Each structure stands twice: as structure tokens, then as C-alpha cells.
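I have placed the structure first, in the form of C-alpha cells, so that the comments after it can refer back to it.
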Amino acid sequence: MRGNRVVAALLAGAVAWTLAGCGSSGDPGRASGTEAGTGSLEAKDNKEIVYISIGMSNAYDVAYRKSAKAELSRYGYTLTTLDANFDQSKSDQVVQQYLATGKTPAGFLWQPVDPSAGANSSRLLARRAPVLQVSQLPRSDAAFGYAATNQEAVGEQMGKLLLEARAKATSMGVKLHSSGGNLLYLDGTPGSPALDDRYRGIMKATQSAPFTMISRAAGGFDSDAGYKAANTTIPQFKGEGIDFIVAFNLGVASGAVRAAQQNGLALGQSTFLVAGDCGTGQMSQVASGLIYGTVVQSGYVEGLVSARSLVQRIATGKTTPDTVTLPVSATEPPLTATPPSQVTFMDVPAATATNLDTRYWGVTYNEACSGT
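For the sequence shown, the positions run -20 to -1, 1 to 352 when mature numbering (1 follows the signal peptide of the UniProt record, and there is no 0) is used.
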């Protein structure tokens, strides 16, 4: 469900959150970085990390948990997962039930369904142990940091893929139906914080050479929802000509492939389809060219990034007030016992049929997107 994540909030919310974290007096030491660190990346007597998950019913979050658990185990930590089943009230209940046990873990990975509604739970957790928020940017100063995805950057990569697809269409002699080409946008689930962030990123990347957007329709999150949305929208606009389709994620794009084929669109020939994050969907359709490209937002990589930031915080008891993006590299970078950044983004490169074997922190783009 990480397809649905951060940055209209990022710039406005991050400024407020960062300022709050620097001057907080409500949650002693957590956001301001004053608790005592263990002095080592290796776990000491307290080895438990508790992950309060938004939900474990999709491939992305399963990959995230598997990756975070494996990374934490490298440093001697165990991972306990508590599932909120995509319900913020259930998430709050899970927090209350865990805190009632009296246990004090080494730290929390906190993934609220609604970060604003879950702000009080975040504060309660922070009184017990350091809290790293994932998936969506914190709305309170209780969490010491955020480590996951920059959703506007995902949108920018989607926009760049659209520009590449248009260049390819032009080189193939495809006649576009409008200036820049007609674009159908299959968005995500309404209410998702990532919707406007990704849209903003797409507009930013294409503003100097815009497309003609003929529709922005709710496309849901998975293949079935994508198929239904595309099978409804494509017939409505086929007469105007559909040159490009951009889908919120690879799952929605996979459903759109089926609808496009049933409605007579020739994908990769006269109509070009681009997907957002690759965590849910069929990479084989990228390899075949039915989907021109997708964005490598990987649960595998996100799990590593989160685990590393939390281990560093436990070791040092501090956080630096900056924002960093960890770059793509063939192997996972070494981890040092230095304070993590308050905001840590993983890079989100574009993947097409030509670069699926590129390695990202020990796995290929194809493997990262397939839930390795």
C-alpha cells in the first residue's frame, strides 16, 4: 500500500514538523535527539523492534517487512509486527494494547493509516522508545524521523518516462492527436496522500513540453481496479484519440493493459502506457514493452532504508536536521554509527525494458520490483 505515500505535505508539513522537532518539550528527547544512544550498531540487551503496520495484505508491505526484518537481524535485532488492517482506529487500538503490556522495545517502526489522526498514538509510542515513521510524513514532533519515499519524486520520474515515450512515438512516426499528445491519467485511490504529490511531480517534469490531459480518472490501487477504470474511461475517449496513458502504479497499469487490448489500443505502437511505482503489478509487461516504463519504488529497498535509520538512531540517540536521498548503487552502502537524517528518502529510478538488470542495493530493478 506504499503506492500511496508523501510531499504536498512534504514541504509544508516537513517544515512545521522539523521546526516542532527542534523545539519540542512534549515528548522528552525523542524528536530533539537527546536520549542516550547505545554506542553501537549491534543490538545490546534490548533487541526487539516493533513494526506497527498499516496492513500486510499486499505484496509491497510483505516485501517491506521481509527486508526490514532481515536487515535488523544483521545487527542482532528481532522484529515484531502488529497489523492495523488499514484502519486508523485499529492502529490506535494496537498501540494502546502494546503499551499496556509494559514492554519497552528498542524502537518502533510506525506506519499510521492517517498520520494526522494518528499523531497522539505517535506521541504515546515516543514516550516508550524512539519512533521512526514510514510511509507518510509525520504530523507531530514525536517521531524522530521519516525514512521512505518522496512521492513527488515518483511523479517526476513518471513525467520523464512520458517524455521518453513521446520521443519514441515521434521517432516511430506516430501521429499524435493533439499538441503534445492526448494523455489519459488513471489515478490512485481517492483520499491517498500521494495522489496530489505524484500529479505535481508529473506536471513539474512536463511543464516545458506539456501533454493534453483528456481525463484524470480514479484508478484505484490494484490490477482489478485499474481494469475497471480503464475499461470505463478508454471507450469514453477513444474517439478523441488516446496517445498516452499514465497509471498511478504498476498494478493499475497491468489492469489497463487488459482494458486497452480489449478496446483495440495498440500498446507500444500507437498508444504508450507509463506506470508509477512498481511494487504491485507485472514486470513482464515492462520487459515486453506493453508498459513503456515504471518507477522503482521497492518495498525491498524501503525496508532496508527504514531499518538502517532506526538502527543508527538507537546507536547514537541523535538525528541530524537535514533531508537526504540515498542514491542508487550496485551494492548496499556500508552503515556507520552516525546520526541518521531527519528525512531520508530512497532514490526512485525509472525502469524500462532496456535496464531491468541494473542493480540496486544488491538486487536488479526487476527483482526489487518483484518483491525480492
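Every residue, glycine too, gets a C-beta built ideally from N, C-alpha and C.
These figures come from a predicted structure and were not determined experimentally.
Worksheet item: When DSSP labels each residue in this structure, what does D7 get in the three-state scheme?
Response: Because D7 sits at a pLDDT of 39, beneath the cut-off of 50, its placement in the model cannot be relied upon, and the following sentence gives the value as read from the coordinates. Reduced to three states, the DSSP call for D7 is coil.
Practice prompt. Would you give the residue range spanned by the beta strand (DSSP E) that V323 belongs to?
Written response: First-last of the beta strand (DSSP E) with V323: 321 to 326.
Fill in: Runs of alpha helix (DSSP H) wholly within the stretch 174 to 216 (minimum 4 residues, chain order)
Whole alpha helix (DSSP H) segments, 4+ residues: 174 to 186.
Worksheet item: What are the start and end residues of the beta strand (DSSP E) that includes L166?
Response: For L166, the enclosing beta strand (DSSP E) stretches over residues 162 to 167.
Discussion item. What does the Cβ neighbour count give for V304, buried or exposed, with the cut at 16 atoms within 10 Å?
Written reply: Using a 10 angstroms sphere on the CB of V304, the tally of other CB atoms stays under 16, which defines it as exposed.
Discussion item. Closest to L79 by C-alpha separation, out of R107, Q322, D337, would be which residue?
Written reply: Comparing Cα positions, the closest option is R107.
Worksheet item: According to DSSP, is V125 helix, strand or coil?
Response: In the sequence as presented, Val is not what sits at residue 125; that position holds Gly. In the structure shown, G125 sits in a strand (DSSP, three-state: E or B).
Worksheet item: What residue range is occupied by the uninterrupted alpha helix (DSSP H) comprising I294?
Response: Per DSSP, I294 belongs to the alpha helix (DSSP H) from 279 to 296.
Practice prompt. Check whether the Cβ atoms of L112 and A99 sit closer than 9 Å, and answer yes or no.
Written response: It is not a contact, given that the beta carbons lie outside the stated cut-off.
Worksheet item: Within this structure, are the beta carbons of F88 and I32 separated by less than 9 Å?
Response: Their beta carbons are under 9 Å apart, which means F88 touches I32 by this criterion.
Worksheet item: Using the rule of at least 16 other Cβ atoms within 10 Å of the residue's Cβ for burial, across every protein chain shown, is A138 buried or exposed?
Response: In the sequence under discussion, the amino acid at residue 138 is Met, which differs from the Ala named in the question. Counting of Cβ neighbours within 10 angstroms places M138 among the buried residues, the total reaching 16 or more.
Fill in: Rounded straight-line distance, which links the Cα of G153 to that of D257
Each residue's CA atom was taken as its position, placing D257 and G153 some 29 Å apart.
Worksheet entry | Residues bridged to E347 (per DSSP) | Answer by DSSP bridge pairing: none, since E347 is not bridged.
Worksheet item: Between T332 and A317, is the Cβ-Cβ spacing less than 9 Å?
Response: Contact: no.
Worksheet entry | Alpha-carbon to alpha-carbon, P92 and S101 | The alpha-carbon atoms of S101 and P92 are separated by roughly 9 Å.
Worksheet item: Near R288, what residues of its chain come up, given a Cβ to Cβ distance below 6 Å and the 5 sequence neighbours on each side ignored?
Response: The beta carbon of R288 sits closer than 6 Å to the beta carbons of L315 from its chain, once the five residues preceding and following it are set aside; these are given in chain order.
Worksheet item: Is F252 near R178, with beta carbons less than 9 Å apart?
Response: No, the pair does not count as a contact, with Cβ atoms beyond the cut-off.
Discussion item. If you follow the beta strand (DSSP E) that T61 is in, where does it begin and where does it stop?
Written reply: Secondary structure note for T61: its beta strand (DSSP E) is the uninterrupted segment 58 to 63.
Discussion item. Measuring only the C-alpha atoms, how far is K218 from V226?
Written reply: A straight-line Cα-Cα distance of about 15 Å links K218 and V226.
Worksheet item: For D337, does the count of other Cβ atoms within 10 angstroms reach 16, so buried, or fall short, so exposed?
Response: Residue burial annotation: D337 is exposed, with fewer than 16 other C-beta atoms found within 10 angstroms of its C-beta.
Practice prompt. Using three-state DSSP, classify S33 as helix, strand or coil.
Written response: Correct three-state label for S33: strand.
Worksheet entry | Pick from T300, Q249, G200, T60 that is closest to Q147, judged by C-alpha positions | Per the sequence shown, the amino acid found at residue 147 is Ala instead of Gln. Minimum Cα distance to A147 is reached at Q249.
Worksheet entry | Which listed residue (E28, P173, L156) has its alpha carbon closest to that of N130 | Ranking E28, P173, L156 by Cα distance to N130 puts P173 first.
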